[in-house]
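Colleague: Residue numbers (the numbering used here): 117 to 472.
Glycine is no exception: its CB is placed at the ideal position from the N, C-alpha and C atoms.
This is the structure I have questions about; it appears just below.
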Ligand code: UD1
Ligand code: UDP
């Protein structure tokens with residue numbers, strides 16, 4: 117049973133579900149954490165994720181409310197369906213609820229993207245990651261660093277380095293995105309001549325002072341900036357009366373959240389990506405586009421070590437300097453498994469469930 121509920125999880129499941137169905141019977145449960153078509157339906161359509169078998173309709177709320185609603189809805193479903201394994205992805209409230217409900221029901225949990233750490237407990241995602249990893253049976257890691265984090269924490273589950281399933285999706289869809297997407301003309305930008313920005317971390321947008329620094333940083337970026345607004349960010353900008361300022365900022369192109377093909381078309385053609393997203397840092401690396409990360413820390417430390425990602429938090433001067441730096445020389449190491457992570461995930465899930 118694959119339990120997914122928000123944008124990056126639909127992308128991750130796109131890599132795994134297709135493969136999994138060759139050898140197993142998969143049920144997809146959509147928690148309903150993300151429900152707008154722009155954050156949900158479009159990814160099922162574009163990436164060929166099979167339609168959900170069950171929809172929990174959890175909707176929005178505080179972290180605790182949302183997690184509790186998903187947990188309560190999952191419990192009877194797990195009792196009814198008794199899957200051999202629950203497969204969860206990443207670090208969101210849907211991941212935590214899926215892990216906990218399955219573990220409480222005595223169902224094995226496979227955690228894809230296990231072991232990622234920012235070591236910043238103020239992030240809701242960090243708490244989710246730690247709790248999920250310690251309740252999971254099969255820990256499927258994207259990086260060697262994640263393997264070491266789990267070893268240091270003595271996580272009890274079986275650990276494997278599989279690579280990153282998001283990389284599988286990017287490598288499969290970058291070609292079709294170049295062929296099919298009209299995003300460059302839609303947004304009136306030329307390759308290499310614009311910055312693609314995304315922001316939605318609670319730590320950046322929920323605190324009005326931090327949000328105001330984010331707006332100042334974005335206003336300071338010279339040239340064209342394409343900024344698809346996550347609904348959380350749009351809502352906070354409206355509440356703070358800051359949306360109008362961004363709308364009139366020089367070169368700023370605000371838009372609704374983009375579909376995957378349009379987004380990676382833009383990411384691949386941007387002169388740099390400016391983001392606080394986890395997934396987008398990896399995608400920039402894989403697309404050979406310099407990334408500037410508006411956070412004080414990252415789980416994807418290899419991108420920083422390789423010279424393709426710079427952490428600037430919300431410091432405008434540091435961000436501008438990072439955006440102007442020359443591209444790093446030399447070949448980039450293959451950090452994320454070369455597009456074969458989903459195969460390894462499916463083999464390990466099959467082996468684990470056969471053994472039980
Ligand atoms: C969640 C995850 C975050 C992940 C992100 C991916 C948690 C704690 N956070 O953050 O780790 O990076 O998804 O995008 O699980 N909203 C809509 N329409 C929707 C969904 C949400 O308008 O379809 C608005 C609501 O006002 C909601 C807000 O966005 O309150 C935040 O949504 P939520 O799912 O709680 O968190 P994200 O910020 O999306
Ligand atoms: N993404 C997208 N459209 C957008 C912004 C992001 O398709 O407008 C994709 C992006 O390519 C990546 C995923 O959404 O695959 C990242 O999700 P998000 O930034 O919401 O979450 P995070 O990775 O930070 O948890």
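Just the C-alpha distance for residue 142 and residue 367, rounded to the nearest angstrom, thanks.
Modeller: When rounded, the distance between both Cα atoms is 46 angstroms.
Colleague: What does a CB cutoff of less than 7 angstroms around residue 277 pick up in its chain, not counting 5 residues either side in sequence?
Modeller: 257, 260, 263.
Colleague: For the alpha helix (DSSP H) that contains residue 368, what are its first and last residues?
Modeller: Counting along the chain, residue 368 falls outside any alpha helix (DSSP H), though it belongs to the beta strand (DSSP E) covering 368-371.
Colleague: Using only the heavy atoms of the ligand UD1, determine whether one of them is closer than 8 angstroms to the beta carbon of residue 351.
Modeller: Residue 351: yes, Cβ under 8 angstroms from the ligand UD1.
Colleague: Any contact between the segment 186-193 and the segment 214-226? By contact I mean 3 or more CB pairs, one from each, below 8 angstroms.
Modeller: Enough Cβ pairs lie closer than 8 angstroms, so yes.
Colleague: Determine, using beta-carbon pairs with one atom in the segment 330-342 and one in the segment 425-437, whether at least three such pairs fall under 8 angstroms.
Modeller: The segment 330-342 vs the segment 425-437: in contact.
Colleague: Within its chain, find whatever has a CB closer than 6 angstroms to the CB of residue 285; leave out the 5 residues flanking it on each side and keep chain order.
Modeller: Same-chain partners within the cutoff: 127, 130, 131.
Colleague: Flag this pair as touching only if the segment 454-464 and the segment 411-420 have three or more C-beta atom pairs under 8 angstroms; answer yes or no.
Modeller: The segment 454-464, when compared against the segment 411-420, does not touch it at the 8 angstroms Cβ threshold.
Colleague: Using C-beta distances below 7 angstroms, list every residue in its chain close to residue 375, excluding the 5 sequence neighbours before and after it, in chain order.
Modeller: Closer than 7 angstroms at Cβ, skipping near neighbours: 158, 162.
Colleague: Using only CA atoms, which one of 140, 174, 135 lies nearest to residue 121?
Modeller: For the residues 140, 174, 135, the minimum Cα distance to residue 121 belongs to 174.
Colleague: Please classify residue 152 as buried or exposed, where buried requires at least 16 other C-beta atoms within 10 Å of its C-beta.
Modeller: Counting Cβ neighbours within 10 Å, residue 152 comes out exposed, since fewer than 16 surround it.
Colleague: Does the distance from the C-beta atom of residue 341 to that of residue 311 stay below 9 angstroms?
Modeller: Cβ atoms of residue 341 and residue 311: closer than 9 angstroms.
Colleague: If we count the other Cβ atoms within 10 Å of its Cβ and call it buried at 16 or more, is residue 237 buried or exposed?
Modeller: Answer is exposed; the Cβ neighbour count stays below 16.
Colleague: Can you check whether the CB of residue 124 is closer than 9 angstroms to the CB of residue 423?
Modeller: Result no, Cβ atoms of residue 423 and residue 124 do not sit closer than 9 angstroms.
Colleague: Are the CB atoms of residue 72 and residue 306 nearer to each other than 9 angstroms?
Modeller: Nothing about residue 72 can be reported from this structure: the residues present for the chain run from 117 to 472 only.
Colleague: To the nearest angstrom, report how far apart residue 113 and residue 425 are at their CA atoms.
Modeller: The structure shown does not extend to residue 113, since the chain is modelled only from 117 through 472, so no value can be given for it.
Colleague: Confirm the yes/no value for this check: CB of residue 380, any heavy atom of the ligand UDP, distance under 8 angstroms.
Modeller: Residue 380: yes, Cβ under 8 angstroms from the ligand UDP.
Colleague: Note down the Cα distance separating residue 456 from residue 283, rounded to an integer number of angstroms.
Modeller: Taking the straight line from one Cα to the other gives about 8 angstroms.
Colleague: Can you tell me which of 385, 353, 321 puts its alpha carbon nearest to the alpha carbon of residue 304?
Modeller: It is 385 whose Cα lies nearest to the Cα of residue 304.
Colleague: Less than 9 angstroms separating the beta-carbons of residue 204 and residue 171?
Modeller: No, the Cβ-Cβ distance between residue 204 and residue 171 is not below 9 angstroms.
Colleague: Kindly examine the ligand UDP and report whether one of its heavy atoms sits closer than 8 angstroms to the Cβ of residue 179.
Modeller: For the ligand UDP, not one heavy atom lies less than 8 angstroms from the Cβ of residue 179.
Colleague: Please find out if some non-hydrogen atom of the ligand UDP comes closer than 8 angstroms to the beta-carbon of residue 374.
Modeller: It does: the Cβ of residue 374 is within 8 angstroms (strictly closer) of some heavy atom of the ligand UDP.
Colleague: So, at 6 angstroms on beta carbons, what are the nonlocal neighbours of residue 253 in its own chain, with the 5 sequence-adjacent residues on each side left out?
Modeller: Result list for residue 253: 224, 225, 273, in chain order.
Colleague: Suppose contacts are defined by Cβ-Cβ distances below 9 angstroms. Is residue 451 in contact with residue 418 by that definition?
Modeller: Cβ atoms of residue 451 and residue 418: closer than 9 angstroms.
Colleague: Taking residue 226 as part of the beta strand (DSSP E), name the residues at either end of that continuous run.
Modeller: Where residue 226 is concerned, the enclosing beta strand (DSSP E) stretches over 224-230.
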